[in-house]
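Visitor: So that we are looking at the same thing, I have put the structure below in structure tokens.
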Amino acid sequence: MAATSSRQPYGTNALEPYVGEIMLFAGNYEVQNFAFCSGQILSIAQNTALFSILGTTYGGNGQTTFGLPDLRGRVPMHFGQGPGLTNHILGERAGSENTTLIQSNMPAHLHTVLGGGISSATATTNSPIGAVPAVLTGTDVNGETVDVKGYAPTATGNYPGGNTGIAGSSTPFSTMQPYLALNYQICLYGVYPSRN
89 MAATSSRQPY
99 GTNALEPYVG
109 EIMLFAGNYE
119 VQNFAFCSGQ
129 ILSIAQNTAL
139 FSILGTTYGG
149 NGQTTFGLPD
159 LRGRVPMHFG
169 QGPGLTNHIL
179 GERAGSENTT
189 LIQSNMPAHL
199 HTVLGGGISS
209 ATATTNSPIG
219 AVPAVLTGTD
229 VNGETVDVKG
239 YAPTATGNYP
249 GGNTGIAGSS
259 TPFSTMQPYL
269 ALNYQICLYG
279 VYPSRN
């Protein structure tokens, strides 16, 4: 079917589609006059009407070939820039099905380290030897005398320094939204869409 100049009834309940129009179809085959949106490279000579609309936006050399949009595993999005959003140009491809978090993706945070092997035994003047007296005397903010008791460490009583430990395996995780796989098809032959 060649491109026609006016939109005419197509079948019994629908209008003839525009060249370059994309539709969703639940079947597993190409509808007559349509092609899957799978990034195929087509001949300009055999598809002049569609080439005049798409150009090389989706591939091809522009001399003898041009490409169809490739929507396999992709979600279509209107081009341009919405309020407060990033600008996207026609034919732009971006995104991935999964990602891996790295340290720079994480917010700044701390991990609590709990020490072990510390004694709660009350210190004496002999323990620890020559280091901390059993009672430290001082004054509080009101000038009152206060006694602070020191504690004696055990033989292995030290504060363990170092890392808190490594967790995780850097396995990529999915960023896919819930989905249902159908097929997008583009109209090759139909009504040529005139500009406003």
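Residue numbering for the sequence shown follows the working numbering, starting at 89 and increasing by one per position.
Just so you know, even glycine gets a beta-carbon here, dropped at the ideal spot from N, CA and C.
1) If I measure Cβ to Cβ from Met-111 and keep anything under 6 Å in the same chain, skipping five residues before and after, which residues do I get?
2) Output the residue ranges of the beta strand (DSSP E) runs that lie fully inside the region 108–134 and measure 3 residues or longer, sorted by chain position.
3) Mind checking whether Ile-132 and Phe-139 have CB atoms under 7 Å apart?
4) Whose C-beta lies closer than 7 Å to the C-beta of Thr-145 among residues of the same chain, with five residues either side of it excluded?
5) Determine the DSSP secondary structure at Gln-271, reduced to helix, strand or coil.
6) Whole angstroms is fine: what's the gap from Asn-305's alpha carbon to Leu-159's?
7) Starting from the Cα of Gly-278, find the closest Cα among Phe-113, Leu-270, Asn-116 and Ala-137 and give me that residue.
8) Relative to the alpha-carbon of Pro-260, which residue among Glu-232, Cys-275, Thr-188 and Phe-167 has its alpha-carbon at the smallest distance?
9) Going by beta carbon distance, what residues of the same chain come within less than 7 Å of Ala-123, once the five residues before and after it are set aside?
10) Could you please give the first and the last residue of the uninterrupted beta strand (DSSP E) stretch that includes Thr-153?
11) For Pro-264 and Gly-183, I'd like the C-alpha separation in whole angstroms.
12) From the DSSP output, which residues share a beta bridge with Ser-262?
13) May I ask whether a heavy atom of the ligand SAM can be found less than 6 Å away from the beta carbon of His-197?
14) Go through its chain and collect everything with a Cβ distance to Thr-100's Cβ below 7 Å, but skip five positions before and after it.
15) For Ser-262, tell me which candidate among Glu-185, Ser-282, Leu-198 and Leu-270 has the shortest Cα-Cα distance.
16) Rounded to the nearest angstrom, what separates Glu-118 and Gln-151 at their Cα positions?
Guide: To lay it out plainly:
1) By one-based count along the sequence shown, residue 111 stands at place 23. Same-chain partners within the cutoff: Gln-273.
2) Listed in chain order, they are 110–113, 122–124 and 129–131.
3) Taking the sequence shown and counting its residues from 1, the one referred to as residue 132 is at position 44. Taking the sequence shown and counting its residues from 1, the one referred to as residue 139 is at position 51. Yes, the pair counts as a contact, with Cβ atoms nearer than the cut-off.
4) Residue numbering aside, residue 145 sits at position 57 when the sequence shown is read from its first letter. Correct list, in chain order: Leu-178 and Gly-179.
5) Working through the sequence shown from its first residue, we reach residue 271 at position 183. Reading the sequence as shown, one finds Asn at residue 271 and not Gln. It is a strand residue.
6) No statement about residue 305 is possible, as the shown extent of the chain runs from 89 to 284 and does not include it.
7) What you label residue 278 is simply residue 190 of the sequence shown in a count that begins at 1. Considering only alpha carbons, the answer is Ala-137.
8) Translated into the one-based positions of the sequence shown, residue 260 becomes position 172. Across the set Glu-232, Cys-275, Thr-188 and Phe-167, the C-alpha of Thr-188 shows the shortest separation from the C-alpha of Pro-260.
9) Along the sequence shown, read from residue 1 onward, the residue named residue 123 stands at position 35. Answer for Ala-123: Leu-156, Gln-273, Ile-274 and Leu-276, listed in chain order.
10) In the sequence shown, residue 153 corresponds to position 65, counting from 1. Counting along the chain, the beta strand (DSSP E) containing Thr-153 begins and ends at 153–155.
11) By 1-based counting over the sequence shown, the position of residue 264 is 176. By 1-based counting over the sequence shown, the position of residue 183 is 95. Strictly speaking, residue 264 in this sequence is Met, with Pro absent from that position. So the two alpha carbons sit approximately 10 Å from each other.
12) Start at 1 with the first residue of the sequence shown, and residue 262 comes out as number 174. The partner list for Ser-262 (beta bridge, DSSP) reads Asn-186.
13) The model depicted lacks the ligand SAM and carries no ligand whatsoever.
14) The sequence position of residue 100 within the sequence shown is 12, counting from 1. Note that Thr-100 has pLDDT 45, beneath the 50 cutoff, so the model's placement of it is unreliable and no number is given.
15) Locating residue 262 in the sequence shown gives position 174, where the first residue counts as 1. Taking Ser-262 as reference, the option from Glu-185, Ser-282, Leu-198 and Leu-270 with the minimal CA-CA separation is Glu-185.
16) What you label residue 118 is simply residue 30 of the sequence shown in a count that begins at 1. What you label residue 151 is simply residue 63 of the sequence shown in a count that begins at 1. Near 26 Å, if we compare the C-alpha coordinates of Gln-151 and Glu-118.
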